[in-house]
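First comes the structure, then the notes that go with it.
In the numbering used here, the protein residues as written are 613 to 1161.
Here it is as structure tokens:
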């Protein structure tokens, strides 16, 4: 039985410029569950290796963008009216919008949704980062894209987690038992990502890179009790969280806005790409909106491209514990708040984030030959404790080719484990999910890639551990979307007791009354998620810390 994960680390070594380590762990014992959990514990065991970089090679970079706006027959005319182009259809009717409740059908367009990417090549390898204006993208779809592209050593497909686009995961269809995903649209997105990367790989130019990190303090007015002025509010504060965040007035928010910019080496004013990283749900328009939009990141990108040219790319960071723009106040004149949950709010908020990003970048030309390295841990196995997710996998709402695994093998078995009268509710029986984590380095910039909606407390810990770089992007929902990751000591197992009552439509009879048992725990894999993700990620962080600049 193989329940280990492959740890792949690439950098500049003394010979081939490539270091590869395959770790396989075999565990044998009598019980399936004991075997699975034992393998999980062993797969987190650390390994040690030394990596010595020789002088890094020249940097070459290119950016790309592909329109991934969903267009159905019923919305084709609206697309043409809005953008002045006759669209190709890529989605069935209706287009169910993700992020809030079920049954929300799209009716119009405000702006296009994008796959925006950058390919970065140096002697240490070739990296590709593609950001999608989507709620999330499962790891099995990312693996399909990997098979479609060549010459990329480490691919990161990130989702902004915006709540005003199509359902690409499944749980926002017409009702709770019907998926909202159109598989043909996923094929379309995969093709778009692959085309984007292929185009950029063929268009590389000599480049420089620079970065900046700036606080978002003062970005919002702080009128609301939930708004401390960082341009983001934490809608759910778990017990004693205020004791852990003295730097942000007790709020569990990440006030770091990180900017990464690539310019042409020969013409340093020619910007290739500007990447902006901030931790906030793109959900300004909220649940009543039926107009497709990428939300405030659209206005961030628009303003940055107005300032610099090139391709602007938004990357959402540690947005777990419900980090978002709801319940903050923004203003154009510094006095009067803009109407919340409006496109005006999205525009003002996006423009102000962009201005803060511009302020983070200095006028230095950037580095022409940074060290490039990456470390990837795949697969990382995590037990699934969430009965809601088990129900959705059993009914086909979640999946789209992804399955649970037992002993490292796909497991599509279904059973009825709840006691009467709930023994008619199906549950997928596989032990858990497989996902991945990783870290990449481009000179003095680190990209910490996690498959979750990460609690900023954990993100702060990851940033502190990555000591070898100055600027640190948290790439949330990177190469997967498996729900909220909260500190393990905050996990409340009692929240799952309500599952059969909620799934049966009688939540009022559940004996557990806990306000924290809403979104955060209903969309959480289980108590082992944080330690297993963190253990694997710390290995990659350790790998990158050994790389010499």
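Every residue gets a Cβ at the ideal spot worked out from N, C-alpha and C, and that includes glycine.
Three-pair Cβ contact test at 8 angstroms for the segment 759 to 767 versus the segment 929 to 941: Touching, no, given that fewer than three Cβ pairs across the two stretches are closer than 8 angstroms.
Please give the ranges of any alpha helix (DSSP H) in the segment 930 to 991, keeping only runs that are unbroken, at least 4 residues long and fully inside the region. The segment 930 to 991 contains, as complete alpha helix (DSSP H) runs of 4+ residues, the segments 955 to 972 (chain order).
So, at 6 angstroms on beta carbons, what are the nonlocal neighbours of residue 1109 in its own chain, with the 5 sequence-adjacent residues on each side left out? As a first step, residue 1109 must be located in the chain shown, where it is residue number 497. Taken in chain order, the residues that qualify are 1124.
I believe residue 830 touches residue 911 by the beta-carbon criterion, under 8 angstroms. Please report the beta-carbon distance rounded to the nearest angstrom. Counting from 1 along the chain shown, the entry for residue 830 is found at position 218. Counting from 1 along the chain shown, the entry for residue 911 is found at position 299. No, residue 830 and residue 911 are not in contact; Cβ-Cβ is about 19 angstroms, not under 8 angstroms.
Specify the secondary structure class of residue 1140 as computed by DSSP and reduced to three states. Taking the first residue of the chain shown as 1, we reach residue 1140 at position 528. Coil at residue 1140, not helix or strand.
Can the beta-carbon of residue 672 be found less than 7 angstroms from the beta-carbon of residue 818? On the chain shown, residue 672 is found 60 positions in, with the first residue counted as 1. On the chain shown, residue 818 is found 206 positions in, with the first residue counted as 1. Taking the C-beta atoms as reference points, residue 818 is found nearer than 7 angstroms to residue 672.
Alpha carbon to alpha carbon, what distance is there between residue 1037 and residue 867? Numbered from its first residue, the chain shown carries residue 867 at position 255. Numbered from its first residue, the chain shown carries residue 1037 at position 425. In this structure, the straight-line span from the alpha carbon of residue 867 to that of residue 1037 is close to 43 angstroms.
For residue 816, which of 739, 769, 957, 1027 has the nearest alpha-carbon? Taking the chain shown and counting its residues from 1, one reaches residue 816 at position 204. Residue nearest to residue 816 within the set 739, 769, 957, 1027 is 739 (criterion: CA-CA distance).
For residue 700, is the classification buried or exposed, using 16 other Cβ atoms within 10 angstroms of its Cβ as the cut-off for buried? By 1-based counting over the chain shown, the position of residue 700 is 88. Burial check for residue 700: the Cβ neighbour count within 10 Å stays below 16, so the residue is exposed.
Quick one: using the 10 Å Cβ neighbour count with 16 as the cut-off for buried, is residue 918 buried or exposed? Mapped onto the chain shown, residue 918 falls at position 306. Looking at its Cβ environment, which holds fewer than 16 other Cβ atoms inside 10 Å, residue 918 is exposed.
Give me, in chain order, the residues of the same chain whose beta-carbon lies closer than 7 angstroms to that of residue 968; leave out the 5 immediate sequence neighbours on both sides. Looking up residue 968 in the chain shown gives position 356. Only 826, 828, 831, 869 meet the Cβ criterion.
Less than 7 angstroms separating the beta-carbons of residue 995 and residue 1044? On the chain shown, position 383 is the one that residue 995 refers to. On the chain shown, position 432 is the one that residue 1044 refers to. Cβ distance < 7 angstroms, so residue 995 and residue 1044 count as in contact.
Would you check if the segment 723 to 738 and the segment 696 to 712 touch, i.e. whether three or more CB-CB distances between them fall below 8 angstroms? Under the 8 angstroms Cβ criterion, the segment 696 to 712 does not count as touching the segment 723 to 738, having fewer than three qualifying pairs.
7 angstroms Cβ cutoff met for residue 1058 and residue 1081: Against the chain shown, residue 1058 aligns to sequence position 446. Against the chain shown, residue 1081 aligns to sequence position 469. At a Cβ-Cβ threshold of 7 angstroms, residue 1058 and residue 1081 count as neighbours.
Quick check for students: name the residue ranges of the alpha helix (DSSP H) that lie wholly in the segment 785 to 832, counting only runs of 4 or more. If we require 4 residues or more, the alpha helix (DSSP H) runs fully inside the segment 785 to 832 come out as 795 to 813.
Per DSSP, what are the beta-bridge partners of residue 679 in this structure? Within the chain shown, numbered from 1, the residue matching residue 679 stands at position 67. In DSSP, residue 679 forms a bridge with 726.
Taking the alpha helix (DSSP H) that residue 911 belongs to, which residues open and close that run? Numbered from its first residue, the chain shown carries residue 911 at position 299. Unbroken alpha helix (DSSP H) run through residue 911: 908 to 920.
Where residue 1048 falls: helix, strand or coil (DSSP): As a working mapping, residue 1048 is identified with position 436 in the chain shown. In the three-state scheme derived from DSSP, where H, G and I count as helix and E and B as strand, residue 1048 is classed as strand.
Short CB-CB distance (under 7 angstroms) between residue 801 and chain D: This model lacks chain D altogether; it includes just one protein chain.
Where residue 949 and residue 1086 are concerned, what is the direct C-alpha to C-alpha distance, given to the nearest angstrom? Mapped onto the chain shown, residue 949 falls at position 337. Mapped onto the chain shown, residue 1086 falls at position 474. Note on geometry: alpha-carbon atoms of residue 949 and residue 1086 lie some 30 angstroms from one another.
Would you list the one or two residues that DSSP bridges to residue 925? For this step, residue 925 is matched to residue 313 along the chain shown. Looking at the DSSP assignment, residue 925 forms a beta bridge with 887.
Could you give the residue range of the alpha helix (DSSP H) that holds residue 1133? Mapped onto the chain shown, residue 1133 falls at position 521. From DSSP, the alpha helix (DSSP H) with residue 1133 extends over 1131 to 1134.
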